[in-house]
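Numbering (numbering that gives the first Met the number 0), first residue to last: 0 to 60.
Everything on this sheet refers to the single structure shown next.
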Amino acid sequence: MKKRTHLSIRMDSELHDKFKSVSEFEGRSMSRQILYLIRKCVSDFEKENGPIPVEKEDSPQ
């Protein structure tokens with residue numbers, strides 16, 4: 000199973016309310032919308048610049 004990590008962000012209330020509206024319009028929760036946008040950003044970056052190497056963490060014994 001993939002390890003999940005937590006990311007906390009701060010934003011002003013106006014941006015929060017607007018982002019909530021966008022997320023609802025797209026039929027996603029705010030969390031799912033953020034994940035969608037991050038994945039799209041990474042995908043677009045890799046299309047332009049090539050794959051981003053990621054080191055694998057050692058499994059706990």
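Glycine included, C-beta positions come from ideal geometry on N, C-alpha and C.
Nearest-angstrom Cα distance between residue i and residue j?
i: His-15; j: Ser-7; result: 13 Å
i: Met-10; j: Phe-18; result: 10 Å
i: Glu-56; j: Leu-34; result: 22 Å
i: Glu-47; j: Val-41; result: 10 Å
i: Glu-2; j: Glu-54; result: Per the sequence shown, the amino acid found at residue 2 is Lys instead of Glu. Looking at the two C-alpha atoms, the distance is approximately 14 Å.
Just to confirm, is the Cβ distance from residue i to residue j under 7 Å?
i: Ser-22; j: Met-29; result: yes
i: Glu-45; j: Ile-51; result: yes
So with Cβ pairs under 7 Å, would you call residue i a contact of chain B?
i: Pro-52; result: Absent here is chain B; the protein component of the structure consists of one chain.
By the three-class DSSP mapping on this structure, what secondary structure does residue i have?
i: Val-53; result: coil
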